[in-house]
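Numbering (my numbering), first residue to last: 306 to 870. Heads up, the beta-carbon is just placed ideally off N, CA and C, and yes, glycines get one too. Below: the structure, in structure tokens.
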């Protein structure tokens with residue numbers, strides 16, 4: 306909120322000015338009543354009352370706009386900063402959390418901050434002035450009635466504070482359950498074809514229904530505490546008015562108070578009740594906002610991906626060292642569950658290195674570690690002779706082109722997907738690289754061409770087309786090092802041959818590391834690394850490994866077309 310303090314200050318000034326004008330109005334009404342009784346002229350008093358009412362309305366309108374605009378600005382700031390932080394969380398956080406829950410914190414939780422700002426922070430400033438001014442005027446008019454009013458209001462306020470004590474925790478629980486629901490629903494809709502194909506629609510509905518019920522139960526618990534506050538607000542106003550009318554009427558009858566003074570007192574009491582009612586709303590709004598803020602800060606307190614980095618090389622120095630070198634690398638996604646164990650190998654500049662092995666051997670993990678999606682538990686990885694932990698991630702990743710195993714696409718256009726790493730490339734280069742991966746004819750069928758929408762997660766493209774689009778993206782960026790994880794898994798034999806041709810044309814200035822199950826994809830690699838249960842079992846060319854590695858011979862026998870030779 307600090308960056309919006311000027312607007313908040315202006316809103317507070319207008320709020321207090323409007324409050325000051327409101328305190329004058331009961332005095333004018335009392336004088337009008339007295340003037341009527343005395344037969345004095347009323348026009349001046351009436352016009353003064355109208356002027357104060359109009360001025361108060363104008364000030365309140367300006368204050369309301371400034372407050373609402375500031376509240377929207379605070380939500381904008383909160384969302385912008387939270388999104389920026391979400392995009393920089395360590396990759397392990399995305400593995401352990403529902404994406405939908407993270408989205409809920411941005412969309413839903415930040416909204417609750419608005420009500421706290423409008424109802425709970427600035428409004429009470431003017432309310433305090435009204436409260437003190439009205440109470441002072443009431444005490445001057447009739448101390449007895451003032452004490453009675455304070456006792457009635459104080460008793461009810463104390464009861465309401467007790468009721469709302471648990472509201473913050475209940476709101477936190479409600480927002481958490483909504484986050485769980487959003488996360489589960491997001492995952493379910495993303496896999497709707499799998500659910501339908503396996504006849505699991507009813508089970509998915511039941512599971513989501515349970516999430517809805519949990520959110521409902523938490524919401525009912527919060528509503529129960531909140532609902533108790535509403536009648537307390539009404540009781541406060543009604544009880545105060547009834548008591549003052551009864552006692553005040555008696556004091557008028559006994560000559561302790563005039564009718565004009567009683568009317569003036571009642572008007573001041575109604576002004577006094579305004580801030581009290583605002584306080585009830587403020588308590589609920591702030592409690593809700595604090596519950597939501599707890600969920601927001603829970604994410605913001607997670608260190609960003611590069612928060613603890615110690616940069617020893619701000620840039621990548623020119624070097625003749627190998628492009629990539631693993632030295633005794635050890636890593637596990639969970640403690641005591643190693644995925645890689647003492648992995649060491651070297652990738653020469655301009656070479657083609659293939660990594661093969663059974664599923665779960667740790668092949669994809671090797672590429673993720675080069676990208677620094679995760680950091681090693683031990684050992685080191687060097688890029689051009691520099692430990693990658695000493696490089697800014699932006700510098701490291703500017704040297705890499707990465708095609709993931711499932712080739713995810715972002716929602717948007719073909720052009721946006723192609724130019725993700727190279728936003729300044731020309732349209733001619735885009736079409737040329739699409740031609741290279743045999744995707745040009747497919748995109749030509751779209752009336753919008755490169756501006757054609759590919760749908761959420763690229764749903765308008767087939768799996769093979771998404772994979773070719775991902776390959777085209779890294780070829781277009783031309784990074785020094787290509788990391789390709791199963792780049793042909795969704796390609797037919799013709800497109801696989803086209804991919805092989807494109808890969809061979811990358812040039813000696815690019816180094817390629819490719820993970821593959823299809824050994825036909827990697828037969829001609831300069832070196833093949835055989836990985837098994839997180840360990841390097843053999844390194845060599847295709848022909849060398851056929852003679853030295855039993856595991857490679859077995860893989861070749863089952864996966865190469867024809868017999869291994």
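{"query": "Burial state of residue 763, where buried means 16 or more other Cβ atoms lie within 10 Å", "result": "buried"}
{"query": "Coarse secondary structure for residue 766, derived from DSSP in three states", "result": "coil"}
{"query": "Inter-residue spacing [alpha-carbon to alpha-carbon] between residue 452 and residue 407", "result": "51 Å"}
{"query": "Secondary structure, beta strand (DSSP E): runs of 3+ residues fully inside the segment 372–445", "result": "none"}
{"query": "Spatial distance of residue 314 from residue 308 (CA atoms)", "result": "11 Å"}
{"query": "Top-ranked residue by Cα proximity to residue 668, from 627, 648 and 680", "result": "648"}
{"query": "Element boundaries [beta strand (DSSP E), containing residue 788]", "result": "786–790"}
{"query": "Beta-carbon separation (whole angstroms), residue 391 vs residue 604, contact threshold 8 Å", "result": "7 Å"}
{"query": "Beta-carbon spacing of residue 409, residue 479 below 9 Å", "result": "no"}
{"query": "Whether residue 306 touches residue 443 by CB criterion (9 Å)", "result": "no"}
{"query": "Identity of the residue in 576, 654 and 677 nearest residue 634 by Cα", "result": "677"}
{"query": "Short Cβ contact (9 Å threshold) for residue 781 with residue 734", "result": "yes"}
{"query": "Burial state of residue 699, where buried means 16 or more other Cβ atoms lie within 10 Å", "result": "exposed"}
{"query": "Residue range of the alpha helix (DSSP H) that includes residue 749", "result": "745–749"}
{"query": "C-alpha distance - residue 814 paired with residue 767, whole-angstrom precision", "result": "32 Å"}
{"query": "Cβ neighbours of residue 869 in the same chain (closer than 7 Å, five flanking residues each side left out)", "result": "With a pLDDT of 39 at residue 869, under the threshold of 50, the modelled position of that residue is not reliable, and no figure is offered here."}
{"query": "Whether residue 864 touches residue 824 by CB criterion (9 Å)", "result": "yes"}
{"query": "DSSP state of residue 703 mapped onto helix, strand, coil", "result": "helix"}
{"query": "Cβ neighbour criterion (16 or more within 10 Å) applied to residue 506", "result": "exposed"}
{"query": "Neighbour-count burial assignment, residue 502, 16 or more Cβ in a 10 Å radius", "result": "exposed"}
{"query": "Proximity below 9 Å, CB of residue 856 to CB of residue 835", "result": "yes"}
{"query": "Neighbour-count burial assignment, residue 729, 16 or more Cβ in a 10 Å radius", "result": "exposed"}
{"query": "Option nearest residue 627 by Cα separation, candidates 639, 689 and 703", "result": "689"}
{"query": "Cβ distance (whole Å) where residue 435 is taken to contact residue 348 below 8 Å", "result": "Contact doesn't hold; Cβ gap of about 28 Å is too wide."}
{"query": "Within 9 Å, strictly: CB atoms of residue 827 and residue 777", "result": "no"}
{"query": "Cβ-heavy atom distance, residue 679 to the ligand GTP, below 8 Å", "result": "Among the ligands in the structure shown, none appear at all, so the ligand GTP cannot be discussed."}
{"query": "Per-residue burial, residue 867 [other beta carbons within 10 Å of its own, 16 or more giving buried]", "result": "Per-residue confidence for residue 867 stands at a pLDDT of 42, beneath the threshold of 50, marking its modelled position as unreliable; no derived number is given."}
{"query": "CA-to-CA distance, residue 715 to residue 482, given in whole angstroms", "result": "28 Å"}
{"query": "Beta-ladder partner(s) of residue 648, from DSSP", "result": "634"}
{"query": "Pair within 9 Å by beta-carbon distance, residue 490 and residue 330", "result": "no"}
{"query": "Continuous alpha helix (DSSP H) assignments of at least 4 residues falling wholly in the segment 453–529", "result": "472–495 and 497–502"}
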